[in-house]
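The opening residue of the sequence shown carries number 1 in the numbering used here; numbering runs sequentially from there. Here a beta-carbon is modelled for each residue, glycine too, at the ideal position from N, C-alpha and C. Step one of this worksheet: look at the structure below.
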Amino acid sequence: ATDIVYQSTELPIRHAHLNSTLAMRLNLLLCLFAPGINSADMVQPQCTLKLDTDFHGYDLGIGIHNVTSPDDCCSHCLQQPACRFFTWLNDGGNYANYCSLKTDGARNGSRRILGHVSGATIPVPPSPPPSPSPPTLPPPAMGVFFRVPWAGEVPQEQLDSWFALVARGRKEGPSSPYYVSELGLQQVATGQWPPINSSNPGIIYETELAKISKYFHLFDRVYVGTLLLPGKNYSNASYWTDYAEHQRRVATQFLELYPLDKYPNLGWYITEEGCLEDPTDLTALLHLSAPALHSVAPLPVLWSPGFCRKFVDLPGTPTGSILESELETMFCSPNMTVPVAVHFQDLCGQTSTFQFPFYYNYTNAMTSADGVAYYGMMKRVSAKCKMLREVKVNMEMFIEHRNPEGAGGEDHGAFILDGDPREIGDRKRVYESQAELGICWALPHWFNLNTYANATMDFQCTESQITNGTCTHPYRSVPVQSLSFKPRRR
Numbered sequence: 001a002t003d004i005v006y007q008s009t010e011l012p013i014r015h016a017h018l019n020s021t022l023a024m025r026l027n028l029l030l031c032l033f034a035p036g037i038n039s040a041d042m043v044q045p046q047c048t049l050k051l052d053t054d055f056h057g058y059d060l061g062i063g064i065h066n067v068t069s070p071d072d073c074c075s076h077c078l079q080q081p082a083c084r085f086f087t088w089l090n091d092g093g094n095y096a097n098y099c100s101l102k103t104d105g106a107r108n109g110s111r112r113i114l115g116h117v118s119g120a121t122i123p124v125p126p127s128p129p130p131s132p133s134p135p136t137l138p139p140p141a142m143g144v145f146f147r148v149p150w151a152g153e154v155p156q157e158q159l160d161s162w163f164a165l166v167a168r169g170r171k172e173g174p175s176s177p178y179y180v181s182e183l184g185l186q187q188v189a190t191g192q193w194p195p196i197n198s199s200n201p202g203i204i205y206e207t208e209l210a211k212i213s214k215y216f217h218l219f220d221r222v223y224v225g226t227l228l229l230p231g232k233n234y235s236n237a238s239y240w241t242d243y244a245e246h247q248r249r250v251a252t253q254f255l256e257l258y259p260l261d262k263y264p265n266l267g268w269y270i271t272e273e274g275c276l277e278d279p280t281d282l283t284a285l286l287h288l289s290a291p292a293l294h295s296v297a298p299l300p301v302l303w304s305p306g307f308c309r310k311f312v313d314l315p316g317t318p319t320g321s322i323l324e325s326e327l328e329t330m331f332c333s334p335n336m337t338v339p340v341a342v343h344f345q346d347l348c349g350q351t352s353t354f355q356f357p358f359y360y361n362y363t364n365a366m367t368s369a370d371g372v373a374y375y376g377m378m379k380r381v382s383a384k385c386k387m388l389r390e391v392k393v394n395m396e397m398f399i400e401h402r403n404p405e406g407a408g409g410e411d412h413g414a415f416i417l418d419g420d421p422r423e424i425g426d427r428k429r430v431y432e433s434q435a436e437l438g439i440c441w442a443l444p445h446w447f448n449l450n451t452y453a454n455a456t457m458d459f460q461c462t463e464s465q466i467t468n469g470t471c472t473h474p475y476r477s478v479p480v481q482s483l484s485f486k487p488r489r490r
């Protein structure tokens, strides 16, 4: 398989409010810059400390409040066998004197944030020197979604093969093209869609979860999505209140089966999605669902809505200023009481189509240009709204054949297929260089693309075209010879 080149473009972040005390900073400076000692190699009695550094992601369970110094944070880390790194911050509010414990994967997520102090129970390499251009960082890792009912619909050997490729990537490390960092579980309980036990929604898929929970350890974070509900009655104020209570009840049942002391890498996933260019309709969903899940256990919360309109069609174009203002109102609201990560769907798979014999049509599709533009907008919002803790792109790796009435979605009878490996390879490289890849849709498509199991590509070109590298993109007439995902050769 051709290696996939990863490159992070994440820039250093400055916090407007730095609450660390002058005394603490002076003590650390005296310790780290004592004469004759290299500060990058300075090891404290038990931990290495680094000023103005944040280890991003790879959180180990729940953060610890009321930790008054980096040294105390180090002590907490040493008490946890799985803890290798930590970050201490004092940014006020929910992050006053806050200690975040990290797994070994945090070594790949170092970034500069003024006022944060990070450390490790093992020496860490020195930070790159300041530079006007972004430093070269370790490769970013994408995640994958998995719908729990699938575990009951596919043979065990197929399920095992999917996660075996994940295990291979974890063994090979972040430079592996098969490396994934996070898993998003959609629908851990029965709901109205798919129509399995739909007459009694909210029953945990115990059998299916038992088949996949043995793979939870392969991921830095497993986000737990509760259940899907039919329809969205936005005009009914009690609708989202009832839905939040449904999520809270299912989340409680889930932790009874998978307690945090055995599965410390869990997080919550707000399963219901929606279109973010209509944020007013989704505000109650977000403001009620996040605290409902957080009340069960204060774990990181993920939401994966989509942008359902091309960026150039937004009011206030070319910048989409009207929508950006509405999103600021949504995420900066006092009702946003719980930090949330947003991995938004780029909707390419849902807006492109294919026709037999497997001709992919991207004429009216959402493209990587839309994804990058929305990513930039969301990053600007997150810079103003502290409760929007993370923004990444959920790259759709599938494509749809619409039903006879032209509607998409499996619930409407549309047929879902793996996307064009060449188009996805191009889109993936754009996001890696101009945005950040998050948890993407979905594990079976990811597996097929990485193992060249998507045989439909062979029907678009003759065998001689595939062999000599003149097979062209269906969405543009340019020969392509080197791609992240290539069709398999017979």
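**Whole beta strand (DSSP E) elements within the stretch 358–402, 3-residue minimum** = With a minimum length of 3 residues, the continuous beta strand (DSSP E) runs that stay inside the stretch 358–402 are 359–361, 388–394, 398–401.
Next on the checklist: Between which two residues does the beta strand (DSSP E) holding Ala270 run?
Outcome noted: The sequence position of residue 270 within the sequence shown is 270, counting from 1. The sequence given here places Ile at residue 270; Ala does not occur at that position. Where Ile270 is concerned, the enclosing beta strand (DSSP E) stretches over 266–270.
ask   = Run through DSSP, which three-state label would Phe216 get?
value = As a working mapping, residue 216 is identified with position 216 in the sequence shown. Phe216: helix per DSSP, three-state reduction.
Taking the C-alpha atoms as reference points, what is the distance between Gln186 and Glu208? Taking the sequence shown and counting its residues from 1, the one referred to as residue 186 is at position 186. Taking the sequence shown and counting its residues from 1, the one referred to as residue 208 is at position 208. Each residue's alpha carbon lies about 12 Å from the other.
- prompt: Hey, out of Thr451, Ser75, Pro70, Ala82, whose CA is closest to Tyr263's CA?
  reply: To locate residue 263, count along the sequence shown from 1; it is residue 263. Considering only alpha carbons, the answer is Ala82.
- Query: For Ile424, which three-state DSSP category applies?
  - Reply: Counting from one through the sequence shown, the residue named residue 424 turns up at place 424. Ile424: helix per DSSP, three-state reduction.
For Met142, three-class secondary structure by DSSP:
For the purposes of this step, residue 142 is taken as residue 142 along the sequence shown, with counting starting at 1. Here Met142 sits in strand by DSSP.
Could you tell me if Leu276 is buried or exposed, where buried requires 16 or more neighbouring beta carbons within 10 angstroms of its beta carbon?
Numbered from 1 along the sequence shown, position 276 holds the residue referred to as residue 276. Result: buried.
Proximal residues to Glu328 (C-beta, below 7 Å), its chain only, five neighbours per side dropped: For the purposes of this step, residue 328 is identified with residue 328 of the sequence shown, where counting begins at 1. Here the set comprises Val381, Lys384, Cys385.
Between which two residues does the beta strand (DSSP E) harbouring Arg111 extend?
For this step, residue 111 is matched to residue 111 along the sequence shown. In the DSSP assignment, Arg111 falls within the unbroken beta strand (DSSP E) covering 110–120.
On a Cα-Cα basis, can you pick out the residue from Val342, Leu89, Pro444 that is closest to Cys99?
Translated into positions along the sequence shown, residue 99 becomes position 99. Looking at the Cα atoms, Leu89 is the closest of the given residues.
DSSP three-state assignment for Leu26, whether helix, strand or coil: Translated into the one-based positions of the sequence shown, residue 26 becomes position 26. Annotation note: pLDDT 31 at Leu26 (below 50); position unreliable, no value reported.
- Return the chain-ordered ranges of every alpha helix (DSSP H) run that is complete within the stretch 55–84 and spans a minimum of 4 residues. Taken in chain order, the unbroken stretches of alpha helix (DSSP H) that lie wholly in the stretch 55–84 and span 4 residues or more are 70–78.
**Study point:** Coil, strand or helix - Asn448 by DSSP
**Key:** Taking the sequence shown and counting its residues from 1, the one referred to as residue 448 is at position 448. In the structure shown, Asn448 sits in a helix (DSSP, three-state: H, G or I).
Requested in this report: Reducing DSSP to helix, strand and coil, say where Phe344 ends up.
Outcome: Counting from 1 along the sequence shown, the entry for residue 344 is found at position 344. Looking at Phe344 - three-state DSSP - the assignment turns out to be strand.
- Message: Let me confirm a value: Val312 is counted as buried when at least 16 other C-beta atoms fall within 10 Å, else exposed. Which label applies?
- Response: Here residue 312 corresponds to residue number 312 of the sequence shown, with the count starting at 1. By the neighbour-count rule (16 or more Cβ atoms within 10 Å), Val312 is not buried but exposed.
Given a threshold of 16 other Cβ atoms within 10 Å of its Cβ, counted over all protein chains shown, does His217 qualify as buried or as exposed?
By 1-based counting over the sequence shown, the position of residue 217 is 217. Under this definition His217 is an exposed residue.
Discussion item. Shorter than 7 Å, the distance from the beta carbon of Glu400 to the closest heavy atom of the ligand NAP, or not?
Written reply: The model on display carries no ligand, and the ligand NAP is accordingly not part of it.
Next on the checklist: If you measure between the beta carbons of Ser289 and Gln247, is that distance less than 8 Å?
Outcome noted: Within the sequence shown, residue 289 is the residue found at index 289, counting from 1. Within the sequence shown, residue 247 is the residue found at index 247, counting from 1. The answer is yes: Cβ separation under 8 Å.
Exercise. Work out the CA separation of Ser238 and Arg107 for me, nearest whole Å.
Key: Translated into positions along the sequence shown, residue 107 becomes position 107. Translated into positions along the sequence shown, residue 238 becomes position 238. Whole-angstrom Cα-Cα distance: 45 Å.
| field | Beta-carbon spacing of Met366, Lys428 below 8 Å | value | For the purposes of this step, residue 366 is taken as the residue at position 366 of the sequence shown. For the purposes of this step, residue 428 is taken as the residue at position 428 of the sequence shown. In this structure, Lys428 does not lie closer than 8 Å to Met366 by Cβ.
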